[in-house]
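Undergrad: In our numbering, the protein residues as written are 387 to 1406.
Virtual Cβ for every residue (Gly too), placed ideally from N, Cα, C.
Structure below.
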């Protein structure tokens, strides 16, 4: 990686934009960043780190003072870094979060942090990312270094040299972990510890499960009294052998993690003995269950037999009761037999009479209808004779008159619709007149539209010419507004210049007074030197001026002026001079702004400029209004064009409608004339066709009524004669003598049904009771009542014995199954205990070794072991430089010695002194020796981290460390080492204020704090 360019603005001590071009130092290979303490040398490296990673390490944990305190509210804070890698050239632009004035209204608002990453492609910068997360991801891929690695291999920051050398094993581990990303080994350690705890919990749980299953089985044995020995003896052995070793404290310790599960496997022999005793008890439980099942089957058989005997006896009792009931019912039915015989005779006569009901009713109805038909014929003949018409053949006359009424009915309808037909004729005439009038109106409109269209076209063209000037008028309006604003600025600046000139004059006057006062003080100081010397003369002491021991006329010190008075006056003079310069700068600035405002105002005063702006605005408004009017006129013109097209279409439609209306009017006229002729012919001598038609229809109706009445009378007479003959024949063939006897025997439908139901029900009931009694008499049942009490008691006793047997068999079977399940579960869990214990021991030993416990005598964790290998490479790389830097005296060595009081160990660094042949702590080195050792170690660390980061090339390196603690020879050695670092085209930047280094390194960046406060960067 190589840095090319840095731009800093509003960052740290830099307010104005500062530019650093690192490429100009490529030929020298090494350059110095110099400046007074506090000027901002390290802030250059802070800016690089902030641009690439969005943070500065020395500000972490406190307030992030990235924005310059010298910035005005409107100033921008921004850092731009250009760098290149093997993948290409990139540019990062980053700004922190800071407050700025609101664009609208007063007060401040937060300007959010921003970042932009660009890549140079074909001479143009192309954006890669513009969001914080996306830029961080892209930079990780490009740089291939974390921020910690970057600070160790590229920016060797101040106070980080000795930190790594003198750190304890724990602190050094934390730093190496961040550099090499070995947190994953700590995760491995945590996962193995968790697996060990899980295995420990699983084994403890399994042992506790075995003990619980055995205790459960023994409780079942004691509760069921299955042991041959007394219950107390069965329960005492497990309590003595396993209660203390497994079931009690031991199991509790394993489950809680306080005991070793492997030791609990020693009780396996006792567990086997308990399982054997439980299996013996299981055999006895199975035998007991078989016996209880057999007893249950026998009790069930006896209970079924008792229930069957009780059921048979109850059936005989019910049959006995039913037999007695059937005997009584049959006796009652025999007593009712005379009444039933009388009802049966009445029912049979009613059935015979019912057959004659229809002929008798038909004959009576036919005789009555014949009499009515004669009366109707007499009334119809009287009505016909009233018309006085002589018609030999009445039917032929009625048919002829009916044919005539057909044509008269059509004429009658025409007569009724004549007014409507006349109205249609009038409407047709009106429609024809309306169509003629509309055609005339359309023709007038068609003659007027072209002139209106031409007028709109002229107005549209005029509006278009005015609207086309909108852009020019807008430019003129903006220019007028600018002149008006400039004219206002001229007035404002005139007033401000008056005030500024007055302030400058006042400042100049005050400064002149201060300079005069300073001159007077200096003169008084010079004049008073003799008196001041005289105050220090003593008798017998030589005069410092002439050397005389006598002082006959010492000068008087009447007007004393001290050096402090002169200094205060000079400070006041300088302050007032600065005030005058500030006032002069303000006047110059105002005059420059005033001249620019006059130029922009172009000689206009405020009123002239305001008038011109108003005129320009009015012209622009008219132009914009013309554009809208042009659009409206265009729409009206398009509407007229469309109207012309529609008028042409309407004219064709009107011509077609007019021809159709004329044809309709002619047809209606002819139809009216034909209808009037037909109505006059059909009316005859009557007032109207309807009146003639009504009279004729009444006559025809009377003729038809007489014809039908005569025919109906003839048919009724024939029907009455036939019905009377059939009635007499039916009575003669029956058991009855005449109609009167038949009518006496007839019954209503309800009486008939009641007689039939009574006779049938008696017969059915008597037959049913005889059948029931016949079957019951065959069973030879006793005459005395049957007693059920003894049979019911025997059945209940047998059922109670069966229920007891069922409960006993169920309990015995369930107890045997429960005991078997407990034995199987305990045996299965016990069989898996050995495998779990072996797996636990392996996991425990491995977890202890990885975590630095147990047999790991060095107390080194897995992560520490990996980092120790990395540290050995770092020390080896550092010794390649430290040997030369210390002329072969010192070497760094990795130490894995066990730390005191169980502290973390494995990452120690000691110094081997070739002069003594002994190793000693790094803290025993002198300041210069510590610096050289720290520098060598930092460079070695940078080489190893670079190799671990994929062998990236480091073309730029910065070292920010005070070289002031080195003597001349040691400084020379350090310079030779730095000179070696620039081999291979690398550029090394060194931050120092040591004068010797400024003399040896000609290429320099100087950071200088100005008198106003902000710092600037200068190249030389």
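(1) Can you tell me which of 1112, 413, 1392 and 1025 puts its alpha carbon nearest to the alpha carbon of residue 1379?
(2) Give the list of continuous alpha helix (DSSP H) stretches no shorter than 4 residues that lie fully inside the stretch 841 to 915.
(3) For residue 1306, is the classification buried or exposed, using 16 other Cβ atoms within 10 angstroms of its Cβ as the cut-off for buried?
(4) So, for residue 830: in the same chain, excluding its five sequence neighbours on each side, which residues have a beta-carbon less than 6 Å away from its beta-carbon?
(5) Does the Cβ-Cβ distance between residue 875 and residue 957 come in under 9 Å?
(6) Distance check for residue 720 and residue 1143, CA to CA, integer angstroms please.
(7) For residue 634, does the count of other Cβ atoms within 10 angstroms reach 16, so buried, or fall short, so exposed?
(8) For residue 396, count neighbouring Cβ atoms within 10 angstroms of its own Cβ and tell me buried if that reaches 16, exposed if not.
(9) For the alpha helix (DSSP H) that residue 660 lies in, which residues bound it at each end?
(10) What three-state label does DSSP hand residue 618 in the structure shown?
(11) Decide if residue 556 is buried, meaning its Cβ has at least 16 other Cβ atoms within 10 Å, or exposed.
(12) Report the partner residues of residue 1280 according to the DSSP bridge assignment.
(13) Where does residue 1160 land, buried or exposed, given buried means 16+ other C-beta within 10 angstroms?
(14) Could you check how far apart the C-beta atoms of residue 742 and residue 1089 are, in whole angstroms? I think they sit under 8 Å.
(15) Should the stretch 589 to 603 be regarded as contacting the stretch 1207 to 1221, the criterion being three or more beta carbon pairs within less than 8 Å?
(16) What does the alpha-carbon distance come out to for the pair residue 781 and residue 1055?
(17) On the DSSP letters alone, give me the boundaries of the alpha helix (DSSP H) that residue 1236 sits inside.
(18) State buried or exposed for residue 1009, treating a residue as buried only when at least 16 other CB atoms are found within 10 Å of its CB.
(19) Leaving out five residues before and five after residue 839 in sequence, what residues of the same chain have Cβ atoms less than 6 Å from its Cβ?
(20) Helix, strand or coil: which one does DSSP assign to residue 530?
(21) Please work out which residues of its chain come closer than 8 Å, Cβ to Cβ, to residue 1254, disregarding the five sequence neighbours upstream and downstream, and give them in chain order.
(22) Hey, how far is the Cα of residue 756 from the Cα of residue 1098?
(23) Since residue 515 is in the beta strand (DSSP E), which residue starts that stretch and which ends it?
(24) For residue 1401, list the residues DSSP reports as bridge partners.
(25) In chain order, what residues of the same chain lie with their CB nearer than 6 Å to the CB of residue 1070, ignoring the 5 residues before and after it?
(26) From 1096, 1145, 686 and 1015, pick the residue whose C-alpha is nearest to that of residue 724; which is it?
(27) Which residue spans inside the stretch 456 to 528 form an unbroken beta strand (DSSP E) run of at least 3?
(28) Just to confirm, is the Cβ distance from residue 403 to residue 393 under 9 Å?
(29) So residue 571 packs on residue 561, CB below 8 Å; how close in whole Å?
(30) To the nearest angstrom, how far is the alpha carbon of residue 601 from that of residue 1210?
(31) Should residue 668 go down as buried or exposed, given a rule of 16 or more other Cβ atoms within 10 Å for buried?
(32) For residue 778 and residue 1059, I'd like the C-alpha separation in whole angstroms.
(33) To the nearest angstrom, how far is it from the Cα of residue 435 to the Cα of residue 995?
(34) What are the uninterrupted segments assigned as alpha helix (DSSP H) that are 4 or more residues long and contained completely in the stretch 555 to 598, given in chain order?
(35) Which value, in whole angstroms, describes the spacing of the CA atoms of residue 501 and residue 525?
(36) Would you kindly report the start and end of the unbroken beta strand (DSSP E) that includes residue 1386?
TA: With the given structure in hand:
(1) By one-based count along the chain shown, residue 1379 stands at place 993. Selected option, being the one with the closest Cα: 1392.
(2) 856 to 913
(3) Position 920 of the chain shown, counted from the first residue, corresponds to residue 1306. Residue 1306 is exposed by the Cβ-count criterion.
(4) Start at 1 with the first residue of the chain shown, and residue 830 comes out as number 444. Around residue 830: no qualifying Cβ.
(5) In the chain shown, residue 875 corresponds to position 489, counting from 1. In the chain shown, residue 957 corresponds to position 571, counting from 1. Contact: no.
(6) The residue given as residue 1143 occupies position 757 in the chain shown. The residue given as residue 720 occupies position 334 in the chain shown. Spanning the two alpha carbons is a distance of roughly 18 Å.
(7) Position 248 of the chain shown, counted from the start, is the residue given in the question as residue 634. A caution first: residue 634 carries a pLDDT of 36, below 50, which makes its placement in the model too unreliable to give a value.
(8) Working through the chain shown from its first residue, we reach residue 396 at position 10. Under this definition residue 396 is a buried residue.
(9) As a working note, residue 660 is residue 274 in the chain shown. Looking at the DSSP string, the run of the alpha helix (DSSP H) that includes residue 660 is 654 to 721.
(10) For this step, residue 618 is matched to residue 232 along the chain shown. A caution first: residue 618 carries a pLDDT of 35, below 50, which makes its placement in the model too unreliable to give a value.
(11) As a first step, residue 556 must be located in the chain shown, where it is residue number 170. Its Cβ having fewer than 16 others within 10 Å, residue 556 is exposed.
(12) The residue given as residue 1280 occupies position 894 in the chain shown. Partner(s): 1295.
(13) Taking the first residue of the chain shown as position 1, residue 1160 is located at position 774. It counts as exposed.
(14) By 1-based counting over the chain shown, the position of residue 742 is 356. By 1-based counting over the chain shown, the position of residue 1089 is 703. Wrong, their Cβ atoms sit about 44 Å apart, outside the cutoff.
(15) yes
(16) Mapped onto the chain shown, residue 781 falls at position 395. Mapped onto the chain shown, residue 1055 falls at position 669. About 43 Å.
(17) Locating residue 1236 in the chain shown gives position 850, where the first residue counts as 1. Where residue 1236 is concerned, the enclosing alpha helix (DSSP H) stretches over 1175 to 1236.
(18) Counted from its first residue, the chain shown places residue 1009 at position 623. So residue 1009 counts as buried.
(19) Numbered from its first residue, the chain shown carries residue 839 at position 453. Excluding residues within five positions, the ones whose Cβ falls inside 6 Å are 1026.
(20) As a position in the chain shown, residue 530 is number 144, starting the count at 1. Reduced to three states, the DSSP call for residue 530 is coil.
(21) Counting from 1 along the chain shown, the entry for residue 1254 is found at position 868. Taken in chain order, the residues that qualify are 1246, 1280, 1282, 1292 and 1293.
(22) Start at 1 with the first residue of the chain shown, and residue 756 comes out as number 370. Start at 1 with the first residue of the chain shown, and residue 1098 comes out as number 712. For residue 756 and residue 1098, the distance between alpha carbons rounds to 9 Å.
(23) As a working note, residue 515 is residue 129 in the chain shown. Taken as a continuous stretch (DSSP letters only), the beta strand (DSSP E) holding residue 515 covers 510 to 515.
(24) Against the chain shown, residue 1401 aligns to sequence position 1015. DSSP output for residue 1401 lists 1395 as bridge partner(s).
(25) Here residue 1070 refers to the residue found at position 684 when the chain shown is read from its first residue. For residue 1070, where only same-chain residues beyond five positions count, the Cβ hits under 6 Å are 1078.
(26) Position 338 of the chain shown, counted from the start, is the residue given in the question as residue 724. Taking only the C-alpha atoms, the option nearest residue 724 is 1145.
(27) 464 to 471, 474 to 481, 484 to 487, 494 to 497, 500 to 507 and 510 to 515
(28) The sequence position of residue 403 within the chain shown is 17, counting from 1. The sequence position of residue 393 within the chain shown is 7, counting from 1. Going by C-beta atoms, residue 403 is nearer than 9 Å to residue 393.
(29) Position 185 of the chain shown, counting from 1, holds the residue named residue 571. Position 175 of the chain shown, counting from 1, holds the residue named residue 561. Going by Cβ atoms, the distance from residue 571 to residue 561 rounds to 16 Å, so no, they are not a contact pair.
(30) Counted from its first residue, the chain shown places residue 601 at position 215. Counted from its first residue, the chain shown places residue 1210 at position 824. Using only the alpha carbons, I get a separation of about 13 Å.
(31) Mapped onto the chain shown, residue 668 falls at position 282. It is buried - the Cβ of residue 668 has at least 16 other Cβ atoms within 10 Å.
(32) Taking the first residue of the chain shown as position 1, residue 778 is located at position 392. Taking the first residue of the chain shown as position 1, residue 1059 is located at position 673. Computed Cα separation, rounded: 41 Å.
(33) As a working note, residue 435 is residue 49 in the chain shown. As a working note, residue 995 is residue 609 in the chain shown. Cα to Cα, the separation comes out at about 54 Å.
(34) 555 to 566
(35) As a working mapping, residue 501 is identified with position 115 in the chain shown. As a working mapping, residue 525 is identified with position 139 in the chain shown. Answer to the nearest angstrom: the Cα atoms are 12 Å apart.
(36) Numbered from 1 along the chain shown, position 1000 holds the residue referred to as residue 1386. Taken as a continuous stretch (DSSP letters only), residue 1386 belongs to no beta strand (DSSP E), being part of the alpha helix (DSSP H) at 1381 to 1386.
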